[in-house]
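Visitor: This structure is in structure tokens; I'll ask about it shortly.
Residue numbers (my numbering): 34 to 285.
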């Protein structure tokens with residue numbers, strides 16, 4: 034028995050005034066940019082169109098598409114979550130969507146694109162074990178009235194062991210909030226240790242793990258621990274992302 038309908042993802046959505054002329058102006062540039070970004074980073078990327086209630090762009094990453102092609106994924110739209118997410122997690126996805134729009138409405142329109150919502154859930158690739166993935170969704174285009182229209186979704190393997198972990202972060206500060214019992218609650222700011230920051234700074238300079246270990250007077254094993262710890266705190270899976278996020282948040 035299906036526990037949700039795709040229309041339920043949009044009950045909190047209210048943007049208006051997005052014409053086909055606006056689409057014609059924005060869409061070609063976004064699709065070209067996303068294709069280049071996906072090819073360069075290797076990330077699985079989506080552009081969520083909250084106005085037309087579908088996906089405007091889907092990158093070609095078989096691991097996260099449950100055997101579908103990007104075009105099949107775009108055609109399926111939000112039915113993907115109904116078909117390929119465990120029913121026990123449907124209510125959570127709807128709550129994330131509701132709470133995410135609620136949070137966005139508390140932010141001034143010109144600042145909404147600075148905020149990212151992150152969460153973990155399972156997908157069910159046919160014939161394979163459930164796969165725990167992480168989605169990070171950031172508004173990238175607003176309607177003329179300032180409401181969220183298009184969102185960039187970055188999908189990656191989750192570093193957690195359970196689903197949930199619903200959090201909002203800001204790209205220009207260390208502020209963050211977690212969703213608990215339907216309410217957003219401020220969470221302690223993200224902080225790196227001195228050694229974690231030093232490891233990232235040296236990596237930017239081109240130092241290898243061995244070089245970093247020598248300069249910090251630590252073992253290679255310890256430097257690898259600093260790296261794993263930084264990845265977990267920053268919610269990333271490789272060093273290039275860690276450096277980018279840390280620099281964006283002014284942590285290094």
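Beta carbons: idealized from backbone N, C-alpha and C, even for Gly.
For residue 34, which of helix, strand or coil comes out of DSSP?
Guide: Only weak support is given to the placement of residue 34: the predicted model assigns it a pLDDT of 46, under 50, and the question is left unresolved by the model.
Visitor: Just how far apart, CA to CA, sit residue 286 and residue 205?
Guide: For the chain, the structure presents residues 34 to 285; residue 286 sits outside this window and is missing.
Visitor: Helix, strand or coil: how does DSSP classify residue 147 here?
Guide: Three-state result, residue 147: helix.
Visitor: Indicate the three-state DSSP secondary structure (helix, strand or coil) for residue 65 in the structure shown.
Guide: DSSP places residue 65 in helix when its eight states are reduced to three.
Visitor: Between 196, 171 and 92, which has its C-alpha nearest residue 66's C-alpha?
Guide: Among 196, 171 and 92, the Cα nearest to that of residue 66 is on 92.
Visitor: Throw me the rounded Cβ distance for the residue 296 and residue 45 pair, which I believe falls under 8 Å.
Guide: One cannot answer for residue 296 here, as it falls past the ends of the chain, which runs 34 to 285.
Visitor: Which partner residues of residue 91 appear in the DSSP bridge assignment?
Guide: Answer is 79, bridged to residue 91.
Visitor: Restricting to Cα atoms, I'd like to know which of 77, 153, 237 and 174 is closest to residue 58.
Guide: Selected option, being the one with the closest Cα: 174.
Visitor: Given that a residue counts as buried once 16 or more other Cβ atoms are within 10 Å of its Cβ, and exposed if not, what is residue 34?
Guide: Low confidence applies to residue 34: its pLDDT is 46, below 50, so where it sits in the model is not reliable enough to give any reading.
Visitor: Determine the burial state of residue 216: buried for a count of at least 16 other Cβ atoms within 10 Å of its Cβ, exposed for fewer.
Guide: Residue 216 comes out exposed.
Visitor: State buried or exposed for residue 237, treating a residue as buried only when at least 16 other CB atoms are found within 10 Å of its CB.
Guide: Counting Cβ neighbours within 10 Å, residue 237 comes out exposed, since fewer than 16 surround it.
Visitor: Hey, how far is the Cα of residue 280 from the Cα of residue 131?
Guide: Spanning the two alpha carbons is a distance of roughly 30 Å.
Visitor: Measure from the alpha carbon of residue 122 to the alpha carbon of each residue in 51, 195 and 83, then state which is nearest.
Guide: Nearest of 51, 195 and 83 to residue 122, Cα basis: 195.
Visitor: Between the stretch 213-228 and the stretch 180-197, can you find at least three pairs of beta-carbon atoms closer than 8 Å?
Guide: In short, these stretches do not touch, since the Cβ pair count stays below three.
Visitor: Among 264, 177 and 142, whose alpha-carbon lies nearest the alpha-carbon of residue 54?
Guide: Taking only the C-alpha atoms, the option nearest residue 54 is 177.
Visitor: What residue from 129, 172 and 128 has the CA that sits closest to residue 143's CA?
Guide: Comparing Cα-Cα distances from residue 143 to each of 129, 172 and 128, the minimum goes to 172.
Visitor: With a CB to CB cut of under 6 Å and the five nearest residues on each side skipped, what residues in its chain are close to residue 119?
Guide: Only 155 meet the Cβ criterion.
Visitor: Using 8 Å as the Cβ pair cut-off and three pairs as the minimum, do the stretch 182-192 and the stretch 76-88 touch?
Guide: Yes, since at least three Cβ pairs between the stretch 182-192 and the stretch 76-88 fall closer than 8 Å, the two stretches touch.
Visitor: Mind pulling the beta strand (DSSP E) runs of 3 or more residues that sit fully within the stretch 163-225?
Guide: Counting whole runs of 3 or more residues, the stretch 163-225 contains the beta strand (DSSP E) stretches 164-175, 181-190, 197-203, 209-213 and 216-220.
Visitor: On the three-state DSSP scale, how would you describe residue 156?
Guide: Correct three-state label for residue 156: strand.
Visitor: Using beta-carbon positions only, say whether residue 267 and residue 253 come within less than 7 Å of one another.
Guide: Their beta carbons are not under 7 Å apart, which means residue 267 does not touch residue 253 by this criterion.
Visitor: Quick check: what's the CA-CA separation for residue 147 versus residue 179?
Guide: For residue 147 and residue 179, the distance between alpha carbons rounds to 13 Å.
Visitor: Within a Cβ cutoff of 6 Å, which residues of the same chain sit near residue 212, ignoring the five residues on either side of it in sequence?
Guide: The answer, listed in chain order, is 132 and 199.
Visitor: What do you get for residue 162, buried or exposed, if any count of 16 or more other CB atoms within 10 angstroms of its CB means buried?
Guide: Exposed, since its Cβ has fewer than 16 Cβ neighbours within 10 Å.
Visitor: How many Å lie between residue 90 and residue 182 at the Cα?
Guide: Their Cα atoms are separated by approximately 14 Å.
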